[in-house]
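Protein chains: 6
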Amino acid sequence: MSSRVSTGIEGLDGLMNGGFQQGKVYLISGEAGTGKTIFCLQYALAGVAQGENTVYVSLDEKPRHLVEDAESLGWDLKKYIGEKRLIILDVTPYFTNIRAGREKSVDVRVLASDLAKQIERIKATRLVIDPIAPLIFGQEGAAQVQEYIRSLIFSIEDNLKCTTLITSGIPSGTFRLSQYEVEEFVVSGIIVLGVSHLQGRRIRILYIRKMRGTPIDLNDHAFEILPQRGIVIRETV
Amino acid sequence: MSSRVSTGIEGLDGLMNGGFQQGKVYLISGEAGTGKTIFCLQYALAGVAQGENTVYVSLDEKPRHLVEDAESLGWDLKKYIGEKRLIILDVTPYFTNIRAGREKSVDVRVLASDLAKQIERIKATRLVIDPIAPLIFGQEGAAQVQEYIRSLIFSIEDNLKCTTLITSGIPSGTFRLSQYEVEEFVVSGIIVLGVSHLQGRRIRILYIRKMRGTPIDLNDHAFEILPQRGIVIRETV
Amino acid sequence: MSSRVSTGIEGLDGLMNGGFQQGKVYLISGEAGTGKTIFCLQYALAGVAQGENTVYVSLDEKPRHLVEDAESLGWDLKKYIGEKRLIILDVTPYFTNIRAGREKSVDVRVLASDLAKQIERIKATRLVIDPIAPLIFGQEGAAQVQEYIRSLIFSIEDNLKCTTLITSGIPSGTFRLSQYEVEEFVVSGIIVLGVSHLQGRRIRILYIRKMRGTPIDLNDHAFEILPQRGIVIRETV
Amino acid sequence: MSSRVSTGIEGLDGLMNGGFQQGKVYLISGEAGTGKTIFCLQYALAGVAQGENTVYVSLDEKPRHLVEDAESLGWDLKKYIGEKRLIILDVTPYFTNIRAGREKSVDVRVLASDLAKQIERIKATRLVIDPIAPLIFGQEGAAQVQEYIRSLIFSIEDNLKCTTLITSGIPSGTFRLSQYEVEEFVVSGIIVLGVSHLQGRRIRILYIRKMRGTPIDLNDHAFEILPQRGIVIRETV
Amino acid sequence: MSSRVSTGIEGLDGLMNGGFQQGKVYLISGEAGTGKTIFCLQYALAGVAQGENTVYVSLDEKPRHLVEDAESLGWDLKKYIGEKRLIILDVTPYFTNIRAGREKSVDVRVLASDLAKQIERIKATRLVIDPIAPLIFGQEGAAQVQEYIRSLIFSIEDNLKCTTLITSGIPSGTFRLSQYEVEEFVVSGIIVLGVSHLQGRRIRILYIRKMRGTPIDLNDHAFEILPQRGIVIRETV
Amino acid sequence: MSSRVSTGIEGLDGLMNGGFQQGKVYLISGEAGTGKTIFCLQYALAGVAQGENTVYVSLDEKPRHLVEDAESLGWDLKKYIGEKRLIILDVTPYFTNIRAGREKSVDVRVLASDLAKQIERIKATRLVIDPIAPLIFGQEGAAQVQEYIRSLIFSIEDNLKCTTLITSGIPSGTFRLSQYEVEEFVVSGIIVLGVSHLQGRRIRILYIRKMRGTPIDLNDHAFEILPQRGIVIRETV
């Protein structure tokens, strides 16, 4: 039975029987600006703090910007990078061929192979892919996309042996959870971040949409983003 | 006339004239995380407990993870697997060609043939296909897809002689029951799992959408997922 | 002027000036599980009971399952089949080529020809096609589909000389009446079956959407499905 | 300035400055079963009654069925047909090539030419095309369809010199007025028939959506369909 | 700085800092029958009345019908046409090739060239294109359409030197402002005409959606269409 | 860590920890007429006023019209243009090939190169691209578009070294934030301009949708557009 891995989010582990299941893949889903990247950084840093090294694949933000964002919350990523406990992987090289119009999609086997090497290099047991969509588009035809996503997630579980968070940016105004509508069924759990209303004000909320093998509370939980502490869960709404 | 086969869900058989009709195919439909797989595991285990062996085809979860999920509820699948009363079929080999881009769809005749062998091997009378979509995509053109689904379901009825549950993952934010909108008309019954609101809280609900040859209560029934007992139906809402 | 043909549904003839117009084609429309097949079986049996023989073309259910469903309501179809007053047509052979990928659509001329023979064989004056969609898909291009449906319905009227019910399964969550959006304009009438809410409970309802040459009550009528009597209309809601 | 032509609908002329403008084209729009064909029959008969002969092109109903529908309201079309004051044009021959798959669309020039001959034959000054969609589909590409509709309507105005009603069947559940979304802008006026709710009951309503050169009341008007009188406008709702 | 050009609509100039900016292009948007053509006629006539000659390109209505519609409001267009202060351009010749299927789109350079000649002929400083969509469709591919619209509007500004109104017919039931969703961003301003509800009745409303370089009141303004005066703005709702 | 760059909008810097982060790219999003261009002009002028030169790429409005719009608010762009502290880049030449149908998309490398030269010429540290969509369409296939947008935004950050605003015009009636649904995830922040209702009146609102590395208030802020001061934030609503 998988042991549990702390999410690093104050108030969340208790809602999830202690945290994520080791070695499984989880989807962090939400519209732009809802806190997905902060969630993942917090997860990464909580891991590093307790000896679980992390590889962070950042596709929407340059590694140096991610470091700056973390700084704004008082988190020092550079220290952990220097200590080789955290790698923020620069994925730009893998996309060069697409940008040049020479290729239609990322050569995922190359990327996966390098990813495995990085994980091996620092013996990482946590992995973040933020977001996962750029690794998927360009695949031919709907059937291959669905199968591709299944095998991508299965192979992350089988080969990379990390407790993995993948993020999904949901375009505003839709009620979807994932871009290809298949990730949500293959992952072991889904946490959704959003913005809701309470007494006329907008508040940040998180809820646990799905968590295999774990009894969950389905309701919305209001949270704040605070310096140093990051995402802190407040009350259930 | 078909005899009835217990669903294995506390409180449900009574809403369905005793259970499913033997040898028919039923659709368990619901968004991600609503309990479709737990429903199917419970159905499988109830069957095994009363001498009805089961083949479980799991497409979104690796067999070993399914075993772990069951463990979290206190169910020991390994015992039944050891006693050859339950087979959890590993379907990865059938999808290798798609992932490699060599094929557009699963070679269903091969899969069906192997499925028949597994069923024969343990004399199974219950079958679960969770979910059914991966067996369908890749078929050419809308007409063939519709006909393919019809013949797939008809041939499960005709050749495999099991009381079968197929699951359909409905993307969030839609009100559909099935992915191809034809399964829902061909199956003998549909049970929908979901999440609803009651007095400001989210609750889990189930309702019987359709059940041929059976008078049904159309209303929502709140349920809980409890250790050991799994899905337990509470009140009608 | 067409004479009237009883619908066989308690409480409905009175809402429709005595029933259907002889020789015309009517659409019975509704989502999965709303009672379309029971409606058609009741219509067929009412006809047979008064000397109007019926051919029933069942596309979503195997003939033997249809017989079983009827049994669950206490109706004995086998007796009428034996007396050659009811034929349940097994359409599987017409779809073999599609399933094998050799054809794109049903060879409707062959099917129509055999249908005419069956009707002639028992001098049927009632016909049910449940559902009609499988006979339509696969036709090339939108224009041909629309024209195909028109000519299909016109030729049923002209050649088969039966009072005909065709059913249309409407995918959940849409508000459509027919799949191709043209059947609803060509048929002589439309009855819609559905599920509605009354004082917090789900109830079954039926309403008459359209009925050429007949003054109608447009409102919803609640109904029940009872043993022996089948669909029985209760009050107007 | 165009003189006015009575609509034939009790209570409607007064809402439209006396009726339709002579020689113009009007759209009668509505979902299935809302009374479009009754409206057009009433218009035709009112015309014939005052010496305005009418050609009625019926595409969704066989001419003999149209005659029967009229009979159900107590209207005798056969008399006027015999007196050569009304022609119900049988359009089946124009569609033979489409049904046989030899053509993609109606040869409109042939149809228009025959139409002109029929109009000339009885010196008709009223024309009904019910519905207009079958004359449009099959045209190549969106631009040609839009232009085709424009020229079709312009040429009806220029060449046929009749006050013309064209009907548009709107698929249920949409809020459109016309199928190609261009007819509504080219015609001189639009009357919409529908079903609405008043104090919990469904009622039939009509409203004037557009009427060039005529001040109009935009509100819904409830109506009934009565024997002999046909559509009779009641109150404004 | 552009000087202001009166809209010709009672009550509107004051909401727009005196009117339209000279030489700019404005979009008048609204569903069928909301008054777009009346608005444009009023604009044209107000201009002519103060010495600003106008070319009116009418695509959905024949010039002679436009004259009749104006007559119904008591406006005599023929007088101004005779005095060569107003030209209603007959565009049928430009569309002949499309109707004959020989071309996919209007040869806009020819039309623009003739338009320029007409404007020059009467030294027009006001232009109306009602509606603009027929000049756009048929262009190849989405990128060219967007660029085509941009250049069309830019070249009207650059070459034709008129204060121009273009109209956009919005299909009912959508909430769009323009057909190609790019006109609304390129024009200097947008006025929307519609129908709304006030205390259970339908009323005509107009609102200023956008007006570059001009402070505006965003609210709905109820209006009436009166003889002689045309559109008259009443109260803000 | 990036230093902060004033937005130039009264009341906004305080909601964003002092303003934009230097060198990052921000999305200003909103429907037609909501104030995006005024926002950008204000940003540009605030920069110029404090020694930060600006290049303004205007795609929906001709440079001279932009100057006029600014004048209507009392802003004198010509002065700054003369002092070579502001460049309004005329992009028409880059689009000539598209309009002529010779190319499918803008040659972005040429445009980017010229942009870099202009920025270098006046040592600009602020950049506005209003709107960004015309630079994107025409790219082949969805995968390239997504990758193209990523690389476009990354290369603006890497090569142009300006604090950049890009605008996105959202078609009315949708709830989207960006046209291609990927910009919103790649930019460092998003400000949305809109129109809302307060006590029955329409009011202008702005809200901060996302701001990496900055704690934000998610609520709507009402604003006005005033002479000289431009956009001025009033109260939170």
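Chains as they are written, first to last, in this note's numbering: chain A, -16 to 220; chain B, -16 to 220; chain C, -16 to 220; chain D, -16 to 220; chain E, -16 to 220; chain F, -16 to 220.
Cβ coordinates follow ideal geometry from the N, Cα and C atoms, glycine included.
Coil, strand or helix - residue i by DSSP
i               : result
I188 (chain A)  : strand
M(-1) (chain F) : coil
V50 (chain A)   : helix
G6 (chain B)    : coil
T157 (chain B)  : coil
R109 (chain C)  : strand
T75 (chain D)   : helix
A205 (chain B)  : strand
R212 (chain E)  : coil
V165 (chain B)  : coil
L69 (chain A)   : strand
E17 (chain F)   : Note that residue 17 (chain F) is Thr in the sequence shown, not Glu. T17 (chain F) falls in the coil class under three-state DSSP.
CA nearest to the CA of residue i, picked from the options
i                : options                           : result
Q4 (chain A)     : B:D52, B:I173, B:I139 and B:I191  : B:D52
V8 (chain B)     : B:I132, B:L94, B:R92 and B:V93    : B:I132
W58 (chain E)    : E:A27, E:D97 and E:K106           : E:A27
N202 (chain F)   : A:S171, A:A99, A:V31 and A:I186   : A:I186
I64 (chain E)    : E:V74, E:I105 and E:P76           : E:I105
Q182 (chain C)   : C:D43, C:L(-2) and C:V220         : C:V220
L135 (chain B)   : B:R92, B:A32 and B:T(-10)         : B:R92
E66 (chain C)    : C:G34, C:E54, C:R47 and C:P76     : C:G34
H180 (chain E)   : E:Y190, E:A205, E:R192 and E:V170 : E:A205
N142 (chain E)   : E:R184, E:A99 and E:V169          : E:A99
S(-11) (chain C) : C:L69, C:F78, C:I214 and C:G30    : C:G30
S12 (chain E)    : E:S138, E:E140 and E:A116         : E:A116
R47 (chain A)    : A:R68, A:A32 and A:L72            : A:L72
K45 (chain C)    : C:L69, C:R68, C:V74 and C:E54     : C:V74
F137 (chain D)   : D:P114, D:V165 and D:C23          : D:V165
V175 (chain A)   : A:C23, A:E54 and A:L94            : A:C23
K144 (chain D)   : D:Q211, D:P210, D:A95 and D:T108  : D:T108
Q25 (chain C)    : C:K193, C:V170 and C:L148         : C:L148
Beta-carbon gap between residue i and residue j smaller than 8 Å
i               : j               : result
L118 (chain A)  : T37 (chain A)   : no
V40 (chain C)   : I(-8) (chain C) : no
A15 (chain E)   : E167 (chain D)  : yes
I173 (chain D)  : L(-5) (chain D) : no
I208 (chain D)  : I216 (chain D)  : no
G6 (chain F)    : T146 (chain F)  : yes
V50 (chain B)   : L42 (chain B)   : no
I188 (chain F)  : G177 (chain F)  : yes
Q101 (chain D)  : I139 (chain D)  : no
L(-2) (chain F) : Q211 (chain F)  : no
E54 (chain C)   : F78 (chain D)   : no
For residue i, the residue or residues it bridges with in DSSP
i              : result
K193 (chain D) : D:I173
Y39 (chain C)  : C:I71 and C:V111
| field | Inter-stretch contact (C-beta, 8 Å, three-pair minimum) for the region 196 to 213 of chain C and the region 146 to 158 of chain C | value | no
Check your understanding: Three or more C-beta pairs closer than 8 Å, one from the region 18 to 38 of chain F and one from the region 143 to 153 of chain F: is that the case here?
Key -> yes
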